[in-house]
Amino acid sequence: MISKIFFNLLQVIVVMAFSPLVKGILSRLEAMVQSKRGPGILQPYRDIWKLLHKEEVVSEQTSWIFRFTPYVVFVTPIFVTLLIPVLTNYPLFFAFMGDMLGGGFILALGGFFATIAAIDTGNPYGPMGASRTRMVGFLAEPVFMIVFFTVSFVAGSTIPYIVQEAWVTPLSNFFEPSHVLVMLAFFMLIIAEAGRLPVDNPSGHFELAMIDESKTLEYSGRGAALMKWGSAMKFFVLLCIFLNVLVSPWGLARGEGLLEVFIAVPLVLIKIFVFILFLVIIESSIAKLRLFRIPEFLGAAFITSIAAMIMYFF
Amino acid sequence: MGLLFILVIPLAAAAFSLVHADRRFAPAITIAGALAVLILALKTAFMVIKTGEIVAIADWVSCNSLSALILLLVAFVALTSAVFSWGYIEGHTGSDRVKKMQRYYSRFNLFVFSMLAVVLFSQLALVWVAVELTTLMSVFLVSFENTRQALEAAWKYVVLTCMGAAFALIGILLLYWAMKSAGGKTFTWEELTTVSQGINPGILKTAFIFILVGFGTKVGLVPMHTWLPDAHSQAPSPVCALLSGVETTTILYVILRLLPVLEVSPSIHSGEWFLVSGLVSVGAAAFLLIQVKDYKRLFAFSTVEHMGIIMVAVGLGGPAAHLGATYQILSHSITKSLCFFAAGSTLLIAGTREISSVRGLIRTSPIAGGAFLIGGLAIAGAPPFAVFLSEFSILRAGIAGGHYIAITLLGIFILMAFAAVMFHVNRMVFGMPPEDAVRTVLPKTVVISLTMALVPVIVLGLYIPDSLYELLRLAAASLGR
Amino acid sequence: MTISSLTQLNALTGGLFLLSTFGIIAMRQVLGCLKMFILQSVFLAISALLLGYLHLSIHLFAVAAITLMVKPVLIPYLLRQTVGSEVTARREISQLINIPTSLLIAVGLTILSYFVAKPLLSVSGAAGTVTDVNLPIGIACLLLGAYTVTVRREAMPQIIGILTMENGAFFAGISIAPDLPLIAELSAAFDVLVIALVMGILTRKIHERIGSTTVSDLKTLKEV
Chain F
121 MISKIFFNLL
131 QVIVVMAFSP
141 LVKGILSRLE
151 AMVQSKRGPG
161 ILQPYRDIWK
171 LLHKEEVVSE
181 QTSWIFRFTP
191 YVVFVTPIFV
201 TLLIPVLTNY
211 PLFFAFMGDM
221 LGGGFILALG
231 GFFATIAAID
241 TGNPYGPMGA
251 SRTRMVGFLA
261 EPVFMIVFFT
271 VSFVAGSTIP
281 YIVQEAWVTP
291 LSNFFEPSHV
301 LVMLAFFMLI
311 IAEAGRLPVD
321 NPSGHFELAM
331 IDESKTLEYS
341 GRGAALMKWG
351 SAMKFFVLLC
361 IFLNVLVSPW
371 GLARGEGLLE
381 VFIAVPLVLI
391 KIFVFILFLV
401 IIESSIAKLR
411 LFRIPEFLGA
421 AFITSIAAMI
431 MYFF
Chain S
31 MGLLFILVIP
41 LAAAAFSLVH
51 ADRRFAPAIT
61 IAGALAVLIL
71 ALKTAFMVIK
81 TGEIVAIADW
91 VSCNSLSALI
101 LLLVAFVALT
111 SAVFSWGYIE
121 GHTGSDRVKK
131 MQRYYSRFNL
141 FVFSMLAVVL
151 FSQLALVWVA
161 VELTTLMSVF
171 LVSFENTRQA
181 LEAAWKYVVL
191 TCMGAAFALI
201 GILLLYWAMK
211 SAGGKTFTWE
221 ELTTVSQGIN
231 PGILKTAFIF
241 ILVGFGTKVG
251 LVPMHTWLPD
261 AHSQAPSPVC
271 ALLSGVETTT
281 ILYVILRLLP
291 VLEVSPSIHS
301 GEWFLVSGLV
311 SVGAAAFLLI
321 QVKDYKRLFA
331 FSTVEHMGII
341 MVAVGLGGPA
351 AHLGATYQIL
361 SHSITKSLCF
371 FAAGSTLLIA
381 GTREISSVRG
391 LIRTSPIAGG
401 AFLIGGLAIA
411 GAPPFAVFLS
421 EFSILRAGIA
431 GGHYIAITLL
441 GIFILMAFAA
451 VMFHVNRMVF
461 GMPPEDAVRT
471 VLPKTVVISL
481 TMALVPVIVL
491 GLYIPDSLYE
501 LLRLAAASLG
511 R
Chain Y
36 MTISSLTQLN
46 ALTGGLFLLS
56 TFGIIAMRQV
66 LGCLKMFILQ
76 SVFLAISALL
86 LGYLHLSIHL
96 FAVAAITLMV
106 KPVLIPYLLR
116 QTVGSEVTAR
126 REISQLINIP
136 TSLLIAVGLT
146 ILSYFVAKPL
156 LSVSGAAGTV
166 TDVNLPIGIA
176 CLLLGAYTVT
186 VRREAMPQII
196 GILTMENGAF
206 FAGISIAPDL
216 PLIAELSAAF
226 DVLVIALVMG
236 ILTRKIHERI
246 GSTTVSDLKT
256 LKEV
């Protein structure tokens, strides 16, 4: 019992500690692909540290929502971390609180607050980004639902710990067409949700073209740090759901030994690193879509998930 | 061996047509080839009447009574339109005319080859390939004039018929599947009939519908007919005669040969399918015939109508209706080719395809006008021509079979079509010609081929030779079980 | 490899085959369509290979080899040669129904084809075998190809649509008719090649004559 609570807290610590690193590695790799030197992989830590020590300026026009939002954005991924398998392949202490749908709702709550906070500022770019995020969100929702339904039909459950095993027992299930298609659909979903290319350019600094970034433009100091950290954690959590639940539970600790769980930390990080390499290759080979082409991208994801469902049912 | 020669001769003629020689060489070799094929086809037909099905290569090439009938028609129309081409195509080629003519005749021969192959192959997969080839080999014949309209017609033709062929392909593969599970070995018409008792009706029905839609596109059944008036009006007239006169019936032959297999299982309701699709085609064509502005389109829609009539006849079922169907195939092919030759001659004289700008054809050119009049009367179904007799026998068979509603509809549509065709033909042939009309002399070969086509149209309405009747009867018998 | 894992691998190939067919509908660029077609043909060959291994049939290996030679290599080469780079390099394809709606219709067609295939599978006793995957996906691909031909306005995607239809028929064919005579198989491959050639040349003629390959603008021939 105690160890389960400890491991659960350990998961949270791992997510908090390593999520900026993942972002740092990602941007460094991207710079390298573009033949630039790029910032060091520890740059996100430095940014967060610097921002935490700066004075926070809040516009007088804003309401409490604006000030409250960074905490929501920061806390929601942590809640989700408690529910999903990050290090272990068996449920931990708090995992009973929610299934995958619950996790999705909690993450959506963070997104919701970020959106209304962006509108709250009165800055013209904020609502623009917010409305675009909502557009992507609305279109991503059906895909998420279909993926979720397919997955839970296959496993007969909505608990991530049961789902992850269904795909690899027996191993040939991994190559089940519906599994491959679900992975593909969810991968496209992650790209859309995390604001990566080709949906959004995370390294762009042109406000008119931003989708995700423009929502945090008004924040400074501690608020900005929390928003940044929160979004890094959200990305990390999405990757964990994708890699550990949908792709395969390889590398997760199976026993309850302390050592085993500690070994799982580098293994999971390696998995994420491999995935990031893959992501960078994809991102550097395609261009950003025009805004009105995004529905087509998500439409493709939707079709993929539907195809997965059809293939499973018939 | 005769069957193999029938296949080889057009191929050889296609190759020889490309030889650089005198500009008369390509048409001459084509006509010689077509004549040889016709003689061989006649010989084959007589042998079929005498001994039944001929097999040249077991499981691959064979010829039964229905094939022999179509073979004969293809050979005949190929000969007349080769003769017609001689005088017609020369007027339609530009500066590089020898080269263009060589290519025309080469493709002409290949097209004839593909149609002969459809009827002579007994392996269904190869039949499909041959059907697809009939499209592919005739595309550039349709676009021969290289005008905007001709290219448009060719594009529609190739796209729609290739789509149809893909549907038919899956139908044929399903048929193979059904045949295999019924214990069949080789995928031939004969084997298919042999094992038809054991074929699963569910799969057979799906296969049949795919094939009906797929090949029905090529036959020109409504609503898949949209390419037909375009392609059959834009192609040069001798090609139109082939396309409209025999290509459609050749493809229809493939559907008809499935009939004995389909009739085994009544749950497929193949008769109803034939009847309904036929009536829809006849009806739509009858209405469309009223409003045509282009006399080649007039004859093209009349083809749609006739295909529909054949489908109805087949759908009625029974020996009498089947005999009517084969008779209709015969009369349609010979009459429609005459019609397109007449239309081609008219085009040479008037220089336009519009019905409204042709007046008093019989005064400007008695030969073209006369042929046009006879062709129009014959194709519309006026007595005493062959089409009248065949349509009449179909109607009679239907009444005898008790299909009153279908026959009433068919009768109304046929009368409408008759009135529409006669209205347009009458306007063109009679009346005063425009002031500036000049009397043009038709090329000799055109006149010869008009006469050649005219003879059977007139003769067959009055008298059918016994051997031909026997062939029709055998072909009709092969449609039933 | 065991039969079940082969069946599963074939199912995966089938899924990717279907996905690449969706890709043909979703692609805006002509070249993208062509690439998707190449991918699709490769999956067709892979499926033939897997089924050949499953039935231990040399014949299907030959089919796979023919497919691999003709469809992903020769046909794109021929199309590029005959149509010319100006047409193939065209970026945006115009079509009558926009792409997201098209994709939804495509899903509907796929489900429809499963409904068509389902009774056939159950009456034939082939349920649970590779035909389970190949027949419905083949029919789906046929319908999707027909849909592509119908909605696309440019010549090249229409050609690709027709080739897709043939691919779909063949995909069903390798499972329901695995032992067709090799001559038939060869002549069918030849036939597909001729389709590509003829339509390619016709496209070039249209391009030379009319100056555009938007074939749906060709509307001079119609009634009234």
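Chains as they are written, first to last, in the numbering used here: chain F, 121 to 434; chain S, 31 to 511; chain Y, 36 to 259.
Don't be surprised by glycine CBs; every beta carbon is placed ideally from N, CA and C.
Is the Cβ of residue i closer than 8 angstroms to any Cβ of chain F?
i: VAL186/Y; result: no
i: ALA61/Y; result: yes
i: VAL77/Y; result: no
i: ALA80/Y; result: no
i: ILE33/Y; result: Outside the shown range of chain Y, which is 36 to 259, sits residue 33/Y, and nothing can be said about it.
Would you say residue i faces chain S, with C-beta separation under 8 angstroms as the test?
i: ARG244/Y; result: yes
i: GLY119/Y; result: no
i: MET234/Y; result: yes
i: THR255/Y; result: yes
i: ILE241/Y; result: yes
Whose C-alpha, out of the options, is nearest the C-alpha of residue i?
i: LEU243/F; options: CYS360/F, TYR339/F and THR208/F; result: Reading off the sequence shown, one finds Asn at residue 243/F, where the question assumed Leu. Closest by alpha carbon: TYR339/F.
i: LEU198/Y; options: SER157/Y, ALA219/Y, ARG188/Y and ALA224/Y; result: ALA224/Y
i: ALA99/Y; options: LYS254/Y, SER39/Y, PHE206/Y and THR249/Y; result: PHE206/Y
i: VAL233/Y; options: LEU66/Y, ILE194/Y and ALA181/Y; result: ILE194/Y
i: ILE239/S; options: THR481/S, GLU302/S, LEU163/S and HIS255/S; result: GLU302/S
i: GLY213/S; options: GLY201/S, PHE138/S, ILE229/S and LEU103/S; result: ILE229/S
i: VAL105/Y; options: PRO213/Y, ILE140/Y and VAL229/Y; result: VAL229/Y
i: GLY58/Y; options: MET431/F, PHE433/F, THR424/F and PHE434/F; result: THR424/F
i: LEU227/F; options: GLY246/F, ALA238/F, ARG254/F and ILE198/F; result: ILE198/F
i: SER137/Y; options: ILE38/Y, SER76/Y, GLU220/Y and LEU178/Y; result: LEU178/Y
i: PHE258/F; options: VAL206/F, SER404/F, LEU418/F and PHE434/F; result: LEU418/F
i: LEU289/S; options: SER226/S, PHE217/S, PHE114/S and SER267/S; result: SER226/S
i: GLY235/Y; options: ILE93/Y, TYR112/Y, ILE146/Y and PRO154/Y; result: TYR112/Y
Who are the neighbours of residue i on chain S, taking C-beta pairs under 7 angstroms?
i: LEU222/Y; result: Here residue 222/Y is Ser; the residue named in the question, Leu, does not match the sequence. Under the 7 angstroms cutoff, chain S gives LEU156 and VAL159.
i: GLN193/Y; result: VAL189
Check the Cβ of residue i against every Cβ in chain F and list those closer than 8 angstroms, keeping chain order.
i: GLY49/Y; result: PRO297 and MET431
i: TYR149/Y; result: ILE430 and PHE434
i: THR166/Y; result: By Cβ distance, chain F contributes nothing, its closest Cβ being about 12 angstroms from THR166/Y, past 8 angstroms.
Does the distance from the CB of residue i to the CB of residue j come in under 8 angstroms?
i: THR241/F; j: THR189/F; result: no
i: PHE46/S; j: TRP90/S; result: no
i: SER386/S; j: LYS326/S; result: no
i: ILE211/Y; j: LEU203/S; result: yes
i: VAL161/S; j: VAL252/S; result: no
i: GLY381/S; j: ILE392/S; result: no
Below 9 angstroms on C-beta distance, what does residue i contact in chain S?
i: GLN116/Y; result: Within 9 angstroms Cβ-Cβ: nothing; GLN116/Y doesn't reach chain S, min ~17 angstroms.
List the residues of chain F whose Cβ lies closer than 7 angstroms to the Cβ of residue i, in chain order.
i: PRO135/Y; result: PRO415, GLU416 and GLY419
i: SER40/Y; result: SER292
Using a Cβ cut-off of 9 angstroms, pull out every chain Y residue sitting near residue i, in sequence order please.
i: PHE197/S; result: LEU177, ALA181, MET200 and ALA204
Give the interface partners of residue i over in chain F, defined as CB-CB distance under 9 angstroms, in chain order.
i: GLN43/Y; result: SER292, ASN293, PHE295, GLU296 and PRO297
Against residue i, what residues of chain Y qualify as contacts under a CB-to-CB distance less than 7 angstroms, listed in chain order?
i: VAL300/F; result: LEU47 and GLY50
Any beta carbon of chain Y sitting closer than 8 angstroms to that of residue i?
i: ALA275/F; result: no
i: LEU251/S; result: no
i: VAL269/S; result: no
i: TRP303/S; result: no
i: ILE426/F; result: yes
i: ILE423/F; result: yes
i: MET254/S; result: no
i: ASN230/S; result: yes
Just to make sure I have the definition right: I need the residues of chain Y whose C-beta is within less than 8 angstroms of the C-beta of residue i. Which are they?
i: TRP207/S; result: SER159, ILE211 and ALA212
Using the beta-carbon of each residue, which ones in chain S are nearer than 8 angstroms to residue i?
i: MET71/Y; result: Ordered by position in chain S, no residue passes the 8 angstroms Cβ test against MET71/Y, which lies about 18 angstroms from the chain.
What are the uninterrupted segments assigned as alpha helix (DSSP H) that are 4 or more residues long and contained completely in the segment 431 to 491 of chain S, given in chain order? Runs of the alpha helix (DSSP H) inside the segment 431 to 491 of chain S: 434 to 459.
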